[in-house]
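Going by numbering that gives the first Met the number 0, the sequence shown opens with residue 0, and the numbers climb by one from there. By construction, the Cβ of each residue, glycine as well, lies at the ideal position given by its N, Cα and C atoms.
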Amino acid sequence: MAAGAVLVLAAANYRSVLWGAAIQNASTAAKLAALAALAVLAFLFGDASAGALAGTRTGLTPERWGGFGLALIAVLWSYDGWGELLYAAGEVKDPGRSMPRALIGGSLAVVAAVYLLVNAAYFWVLPVDEVAASELVAADAATRVFGQAGASAVAALVMLSTFGALNGALMGGPRVFYALAEDGLFFRKVGEVHPRFETPHVAIALAGVLGVAYVSVRTFEQLAEAFILGLWPFYILAVWAVFRLRRTRPGHPRPYRTWGYPWVPLVFLLASVAMLLNALIRQPLSTAYSFGIILAGVPVYLVWGRGGE
Numbered sequence: 000m001a002a003g004a005v006l007v008l009a010a011a012n013y014r015s016v017l018w019g020a021a022i023q024n025a026s027t028a029a030k031l032a033a034l035a036a037l038a039v040l041a042f043l044f045g046d047a048s049a050g051a052l053a054g055t056r057t058g059l060t061p062e063r064w065g066g067f068g069l070a071l072i073a074v075l076w077s078y079d080g081w082g083e084l085l086y087a088a089g090e091v092k093d094p095g096r097s098m099p100r101a102l103i104g105g106s107l108a109v110v111a112a113v114y115l116l117v118n119a120a121y122f123w124v125l126p127v128d129e130v131a132a133s134e135l136v137a138a139d140a141a142t143r144v145f146g147q148a149g150a151s152a153v154a155a156l157v158m159l160s161t162f163g164a165l166n167g168a169l170m171g172g173p174r175v176f177y178a179l180a181e182d183g184l185f186f187r188k189v190g191e192v193h194p195r196f197e198t199p200h201v202a203i204a205l206a207g208v209l210g211v212a213y214v215s216v217r218t219f220e221q222l223a224e225a226f227i228l229g230l231w232p233f234y235i236l237a238v239w240a241v242f243r244l245r246r247t248r249p250g251h252p253r254p255y256r257t258w259g260y261p262w263v264p265l266v267f268l269l270a271s272v273a274m275l276l277n278a279l280i281r282q283p284l285s286t287a288y289s290f291g292i293i294l295a296g297v298p299v300y301l302v303w304g305r306g307g308e
């Protein structure tokens, strides 16, 4: 089923940018409405007396801090679609105006609000111990409030959410392959645009093939963890570049000024490095696997990059 979903969405994005955007808008709107409804109904009809918000006296030991760091990886996956918006900026009218609005007002503000609201609803109806032991917190919370019908509704919501996230990945990911090919850092064929559909069709097809391969051999949890561990080193480099460019190009025009510089980016760097080091210590094999894939690209870049711009 997962491979079939990859192929269907790859075909839709291959055919038209508008098709992919329409699927994304519809799935996002439906998902947000369903999550908001779940949270509101949990607050209205749930029994708060047994929930975690009724009170807890447990402290944060070093071991729990380490577990918190691992749990943060899954949380960051929930937020991470914001970055993929930028991959398609070259195909957006007036990106300088629309991209900041979409990033801050849409991705970050809305996602953060819904995420916090839904998690507060979970803790409203479930005790801490039950949340910690649960593999399907949303289903358990819905079952507590609505019975078996709630669990079925959450299962449908999870499928909808996964479908939308997959479509977003197939909209954004191929644009990376396309940009690399345009810069001479990847096969030139991948940088072609379909003469009729005006989409990076080869890059989308490549992403679809790779997607089918990944979902065939790894679990959802493994894929989400590898995604974050593979992507966040580059977020660290991007934020570090803010410091470096301030020093090496002090007179360069900067339409956007980093808020809270230097403390906000510095805190981000320290927290991000701590999260990755914690993952490497607590889950060395899977983390080393993700880092190893990145490092394997270094010699390829050094050789291939000589012909790039």
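Residue i, DSSP secondary structure in three states
| i | result |
| --- | --- |
| residue 282 | coil |
| residue 3 | helix |
| residue 199 | coil |
| residue 125 | coil |
| residue 276 | helix |
| residue 142 | helix |
| residue 260 | coil |
| residue 308 | Reliability of the predicted coordinates at residue 308 is poor, the pLDDT of 49 falling under 50, and no value is obtained from them. |
| residue 253 | coil |
| residue 298 | helix |
| residue 186 | coil |
| residue 191 | coil |
| residue 211 | helix |
| residue 91 | coil |
Residue range of the unbroken alpha helix (DSSP H) whose run includes residue i
| i | result |
| --- | --- |
| residue 177 | 147-181 |
| residue 17 | 16-44 |
| residue 134 | No alpha helix (DSSP H) holds residue 134; DSSP gives it neither H nor E. |
| residue 223 | 219-247 |
| residue 94 | 94-99 |
| residue 81 | 80-83 |
Beta-carbon gap between residue i and residue j smaller than 7 Å
| i | j | result |
| --- | --- | --- |
| residue 173 | residue 132 | no |
| residue 184 | residue 113 | no |
| residue 3 | residue 11 | no |
| residue 76 | residue 293 | no |
| residue 339 | residue 190 | Only positions 0 to 308 of the chain appear in this structure, which leaves residue 339 out of reach. |
| residue 83 | residue 210 | no |
| residue 274 | residue 68 | yes |
| residue 120 | residue 41 | yes |
| residue 235 | residue 271 | yes |
| residue 171 | residue 27 | no |
| residue 257 | residue 241 | yes |
| residue 137 | residue 127 | no |
| residue 9 | residue 169 | yes |
| residue 38 | residue 116 | yes |
| residue 141 | residue 155 | no |
| residue 73 | residue 214 | no |
| residue 105 | residue 281 | no |
| residue 94 | residue 101 | no |
Among the options, the one whose alpha carbon lies nearest that of residue i
| i | options | result |
| --- | --- | --- |
| residue 124 | 115, 111, 139 and 110 | 139 |
| residue 278 | 71, 0 and 243 | 71 |
| residue 291 | 246, 230, 92 and 116 | 230 |
| residue 46 | 78, 1 and 122 | 122 |
| residue 103 | 85, 118 and 92 | 85 |
| residue 111 | 298, 31 and 259 | 31 |
| residue 296 | 179, 105 and 1 | 179 |
| residue 134 | 88, 220, 224 and 276 | 220 |
| residue 145 | 8, 263 and 43 | 43 |
| residue 262 | 255, 238 and 281 | 238 |
| residue 369 | 17, 96 and 16 | Nothing about residue 369 can be read from this structure; the chain reaches only from 0 to 308. |
| residue 23 | 303, 177 and 160 | 160 |
| residue 303 | 187, 16 and 223 | 187 |
| residue 287 | 194, 299, 251 and 225 | 225 |
| residue 264 | 249, 245, 251 and 250 | 245 |
| residue 267 | 247, 232 and 195 | 232 |
Rounded distance between the beta-carbons of residue j and residue i, thought under 8 Å
| i | j | result |
| --- | --- | --- |
| residue 199 | residue 192 | 6 Å |
| residue 13 | residue 204 | 7 Å |
| residue 91 | residue 98 | 7 Å |
| residue 176 | residue 206 | 7 Å |
| residue 5 | residue 165 | 7 Å |
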